[in-house]
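Chains as they are written, first to last, in this note's numbering: chain R, 1045 to 1284; chain W, -14 to 153.
Backbone N, C-alpha and C fix where the C-beta goes; we use that ideal spot for every residue, glycine too.
Fair warning: this is a prediction, and the values are worked out from it, not measured in the lab.
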């Protein structure tokens, strides 16, 4: 047998072919396997360990950072202006305010202004001179926010009255310690305008004898510059 | 059908006969050949979908998978030969019974002799004379120099001739 004859015989093996129906079926099966993971419909219990396995370093980093953040937040709660972690405290407070509804924001801002005044009082009492300037700046910034809220405020609530009173008290306490906070006059002016507006509004209304008496007292407080007391009485007239 | 599927579908149509034949000539069983061939394409498809891994020569890649599957098959099952080549008839529905008997006899002889050759010789004969792969491509699949492939081809033909001579 020559080489050519042998090759010809070998090439006869080209007649070996797969079944046509199997060829079609196998192709269909292969493409059906396109997304084997999805088709298997893994349960949550199966997915979680896999995710945990693949993303273990990332998860560990997140957990570590989470622990650090929680520890920093905890430590920051007792800090005062000028302390290293004080900015963490401010960020967490701002974060909390973001999630408060617009109606409750003035109250939240008033609370923060009170906190700032309390911090300033603490610093003044402990004679921490180097922290005075940052503390005063913080008070001014928070009072300025309160002023904005009061100007926009259309309704006097119990909380506003209460917090305003507290601010006035804290302000007096700080001033008694010899610390003068510039910029707080604007707060007094705004409060005075608010009280004046409310008194005029009530004057045009028909009031009971009791309420008329309260209004007269509020006017007297207003004249004496005791705006928070006047505001309290206005609130009593409006809500009783 | 997306672009990737279309490409692989074309590759499947081009190579299915060759890969099936390649596997069939080694396992001598239609059932096993079908299983290993579909597994070859399934693995090929999974790799093909992975865009990050570029396949330079898809048909060579499929042959490589098929070779590995055949090796695994014999290793796992411990079978040197599943069915005697004499017992497996070749599916050729186009011939009439007389022609089929003559042709079948010839084909079976070649197939039987081919099965008796060592694996390297079988592979080069199948690739070069049946699948019409040029020597450089066989060199790529086997990762051997072209000269070595030419020598192996020459020796494989000689060995097959001897086998055929013994049967005649």
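Proximity test, residue i beta-carbon vs the ligand ATP heavy atom, cut-off 7 Å
| i | result |
| --- | --- |
| residue 1267(R) | Among the components modelled here there is no ligand, and therefore nothing to report on the ligand ATP. |
Proximal residues of chain R, C-beta to C-beta of residue i below 9 Å
| i | result |
| --- | --- |
| residue 19(W) | 1062, 1063, 1066 and 1070 |
| residue 2(W) | 1058, 1060, 1061, 1062 and 1067 |
| residue 6(W) | 1057, 1058, 1060, 1061 and 1062 |
| residue 47(W) | In chain order: nothing, as chain R lies at least about 12 Å away. |
Nearest to residue i (by Cα), restricted to the options the options
| i | options | result |
| --- | --- | --- |
| residue 164(W) | 18(W), 33(W), -13(W) and 3(W) | There is simply no residue 164(W) to check, as chain W begins at -14 and stops at 153 in what is shown. |
| residue 1292(R) | 1056(R), 1248(R), 1064(R) and 1220(R) | The requested residue 1292(R) does not occur in the structure, where chain R is confined to residues 1045 to 1284. |
| residue 1150(R) | 1273(R), 1197(R) and 1126(R) | 1197(R) |
| residue 132(W) | 121(W), 141(W), 35(W) and 126(W) | 121(W) |
| residue 1135(R) | 1169(R), 1156(R) and 1147(R) | 1156(R) |
| residue 1159(R) | 1147(R), 1137(R), 1143(R) and 1129(R) | 1137(R) |
| residue 1130(R) | 1143(R), 1052(R), 1140(R) and 1116(R) | 1116(R) |
| residue 31(W) | -10(W), 60(W) and 20(W) | -10(W) |
| residue 105(W) | 39(W), 123(W) and 46(W) | 123(W) |
| residue 1205(R) | 1132(R), 1109(R), 1107(R) and 1283(R) | 1283(R) |
| residue 1189(R) | 1230(R), 1209(R), 1169(R) and 1170(R) | 1230(R) |
| residue 1055(R) | 3(W), -7(W) and 135(W) | 3(W) |
| residue 58(W) | 11(W), 127(W), 141(W) and 110(W) | 11(W) |
| residue 137(W) | 109(W), 147(W) and 125(W) | 109(W) |
| residue 1238(R) | 1222(R), 1276(R) and 1256(R) | 1276(R) |
| residue 149(W) | 101(W), 14(W), 54(W) and -2(W) | 101(W) |
| residue 96(W) | 54(W), 127(W) and 146(W) | 146(W) |
| residue 1223(R) | 1170(R), 1271(R), 1192(R) and 1109(R) | 1170(R) |
| residue 1161(R) | 1228(R), 1075(R), 1195(R) and 1067(R) | 1228(R) |
| residue 1153(R) | 1163(R), 1248(R), 1208(R) and 1245(R) | 1208(R) |
| residue 1272(R) | 1125(R), 1251(R), 1242(R) and 1145(R) | 1242(R) |
| residue 1195(R) | 1202(R), 1179(R), 1236(R) and 1226(R) | 1236(R) |
| residue 98(W) | 1278(R), 1053(R), 1246(R) and 1046(R) | 1053(R) |
| residue 144(W) | -3(W), 53(W) and 103(W) | 103(W) |
| residue 44(W) | 128(W), -12(W) and -1(W) | -1(W) |
| residue 1192(R) | 1178(R), 1210(R), 1226(R) and 1234(R) | 1234(R) |
| residue 53(W) | -6(W), 127(W) and 35(W) | 127(W) |
| residue 1065(R) | 1073(R), 1168(R) and 1045(R) | 1073(R) |
| residue 24(W) | 40(W), 13(W), 39(W) and -3(W) | -3(W) |
| residue 1269(R) | 1103(R), 1232(R) and 1126(R) | 1232(R) |
| residue 1132(R) | 1057(R), 1113(R) and 1178(R) | 1113(R) |
7 Å Cβ cut-off: residues of chain R touching residue i
| i | result |
| --- | --- |
| residue 96(W) | 1057 |
| residue -3(W) | 1071 |
| residue 9(W) | 1060 |
| residue 106(W) | The premise fails here: residue 106(W) is roughly 12 Å from chain R at the closest Cβ pair, so nothing lies under 7 Å. |
| residue 115(W) | 1054, 1055, 1057 and 1058 |
Listed by chain order, chain R residues near residue i by CB distance under 8 Å
| i | result |
| --- | --- |
| residue 23(W) | 1070, 1073 and 1074 |
Within chain W, the residues that residue i reaches when beta carbons sit closer than 7 Å
| i | result |
| --- | --- |
| residue 1053(R) | 91 and 95 |
Contacts of residue i in chain W (Cβ-Cβ under 8 Å)
| i | result |
| --- | --- |
| residue 1050(R) | 142, 145, 146 and 149 |
| residue 1047(R) | 142 and 146 |
Contact list for residue i against chain W, beta-carbon separation under 9 Å
| i | result |
| --- | --- |
| residue 1162(R) | By Cβ distance, chain W contributes nothing, its closest Cβ being about 60 Å from residue 1162(R), past 9 Å. |
Under 7 Å by beta carbon: chain A residues contacting residue i
| i | result |
| --- | --- |
| residue 110(W) | In the structure shown, chain A cannot be found, because the protein chains are R and W. |
Stretch pair the segment 5 to 22 of chain W + the segment 108 to 116 of chain W: three plus CB contacts closer than 8 Å: Contact holds: three or more Cβ-Cβ distances are below 8 Å.
Output the residue ranges of the beta strand (DSSP E) runs that lie fully inside the segment 1127 to 1202 of chain R and measure 3 residues or longer, sorted by chain position. Contiguous beta strand (DSSP E) elements confined to the segment 1127 to 1202 of chain R do not occur, taking only those with 3 or more residues.
Three-pair Cβ contact test at 8 Å for the segment 1214 to 1233 of chain R versus the segment 1175 to 1183 of chain R: Contact between the segment 1214 to 1233 of chain R and the segment 1175 to 1183 of chain R is present, because at least three Cβ pairs lie under 8 Å.
Does the contact criterion of 3 or more C-beta pairs under 8 Å hold for the segment 1111 to 1121 of chain R versus the segment 1160 to 1178 of chain R? The answer is no - the segment 1160 to 1178 of chain R does not touch the segment 1111 to 1121 of chain R, with fewer than three Cβ pairs under 8 Å.
What are the complete alpha helix (DSSP H) segments, minimum 4 residues, inside the segment 14 to 68 of chain W? Runs of the alpha helix (DSSP H) inside the segment 14 to 68 of chain W: 15 to 34 and 43 to 62.
Taking 8 Å as the threshold, find out whether the segment 20 to 34 of chain W comes into contact with the segment 133 to 152 of chain W through three or more Cβ pairs. Pairwise C-beta distances place the segment 20 to 34 of chain W out of contact with the segment 133 to 152 of chain W, as fewer than three of them are shorter than 8 Å.
If you scan the segment 121 to 151 of chain W from start to end, which runs of the alpha helix (DSSP H) of 4 or more residues do you find wholly inside it? The segment 121 to 151 of chain W is shown to contain no whole alpha helix (DSSP H) run of 4 or more residues.
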